[in-house]
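Step one of this worksheet: look at the structure below.
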Amino acid sequence: MAELQYNNEITRNIRSELLTKRTKIPMSRVYEDSAHIQKKLLNYLEKITNNFKHPTNNKINIAGFWPIDKEPNLIDLLNKLSTKENIIVCLPSIYKKNHPLHFKQWTPNHNMIKGIYNILEPNSQDNLLPNILLVPTLGFTIYGDRIGYGKGYYDRTLSNFIEIKHKFLTIGISWTCGLITNNQYKAASHDIKLDGILTEDKWIKEPLKEINKIIL
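Under the UniProt record's numbering, think of the first position of the sequence shown as 1, with each following residue one higher.
Have a look at this one:
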C-alpha cells in the first residue's frame, strides 16, 4: 500500500509539472506544431486504411478528440478523414462520470454541445466502437506508457474493449515536452500501453502498418 501511494504521488507531481510546461507553449506554436502532427498522422492513416480489407465491413472507425488547454489540434485532419468513404470519424463523449467513454460520429456539419467538463462533443446518441483511437496524451515514456489527466476515462474504456474482445489500435498524441524523464515514474499495473506515440517532432513509438493484423 505504501509503495502504491508513493507511485501515485510521483505520478501526480509529474502530471502537475507537465501541465505547467504545456501552459507555457505559445499559441502560435500550438497551431504550427499541430500542423506537423497532422501531416505525419494523415500520411500514416492513409497508408494503413487504403489497404484495409474486412470480410463484412470495409469502414474504419477512427476516434479523434476535441482539443482543450493547448492540446494538439487535429480538427483539420478529422475534417479530411471525414470525407473518405471508408472512414467514420468519431469523438469521445463522457455520458456518465467514472464510466467508459462513448464515441459519437462526427462530421464538420454535426451540431456540437458541451458535455461533462465542458468539452465539446457531437449532439447525438451514437455509441460507435473505434478501431483506431487518437488518444490525447499529457505525458508518455518511450515504451508507450501514458499519463492523462487522472480521471481514468481512457483506462476504463480500453479495459472495457479488451473485456468485450474488441480489437483496436491506440496512438497517443502529445507534445515533445510530454516525455517523462523522472526515472522514479512507474506505470500502474492496470495501465494499458499505447501502440504508438506521435509528437510534433517525430514518432516516439511507431505503430504497426499492417492494420488487418491488429484489428481483425
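No residue lacks a Cβ here, since even glycine has one placed at the ideal position from N, Cα and C.
- Residue H99 holds the alpha-carbon nearest to the alpha-carbon of R156 among T170, H99 and W175.
- At the C-beta level, L128 and N61 come within 8 angstroms of one another.
- Distance from the CA atom of P108 to the CA atom of N13, rounded to whole angstroms, is 38 angstroms.
- Inter-residue distance for G172 and K205 is about 9 angstroms (C-alpha atoms, whole angstroms).
- With distances taken between CA atoms, V30 lies nearest to T199 out of L208, P207 and T199.
- When the beta-carbon positions are compared, Y153 and I75 stay at least 8 angstroms from each other.
- Within the stretch 165-216, the beta strand (DSSP E) runs of at least 3 residues that lie entirely inside it are, in chain order, 169-173, 196-198 and 203-205.
- Burial of P130 is indicated by the presence of at least 16 other C-beta atoms within 10 angstroms of its C-beta.
- Within the DSSP bridge table, the entry for A35 names no partner.
- For I88, the uninterrupted beta strand (DSSP E) segment begins and ends at I87 to S93.
- Per the coordinates, the alpha-carbon of R15 lies some 8 angstroms from the alpha-carbon of L138.
- The alpha carbon of L81 has as its nearest neighbour, out of L101, I48 and G196, the alpha carbon of I48.
- The Cβ atoms of L77 and Q105 lie no closer than 8 angstroms to each other.
- Excluding sequence positions up to five before and after I132, its CB lies within less than 6 angstroms of the CB of I62 and L169, all in the same chain and listed in chain order.
- DSSP lists K114 as the bridge partner or partners of L120.
- Counted as a single uninterrupted DSSP element, the beta strand (DSSP E) harbouring N61 occupies residues I60 to A63.
- Within the same chain, and ignoring the five residues on either side of N111 in sequence, the residues whose Cβ sits closer than 8 angstroms to its Cβ are P122 and N123.
- If you ignore the 5 residues before and after T83, its C-beta comes within less than 7 angstroms of no other C-beta in its own chain.
- Annotation: the continuous beta strand (DSSP E) that includes I132 extends over I132 to P136.
- If the five residues before and after P207 are omitted, its C-beta is found closer than 7 angstroms to the C-beta atoms of L169, I171, D195 and G196, all from its own chain and listed in chain order.
- In this structure D191 is buried. Its beta-carbon is surrounded by 16 or more other beta-carbon atoms within 10 angstroms.
- Taking I68 as reference, the option from K114, V89, F161 and D201 with the minimal CA-CA separation is K114.
- The C-alpha of F103 lies about 7 angstroms from the C-alpha of D126.
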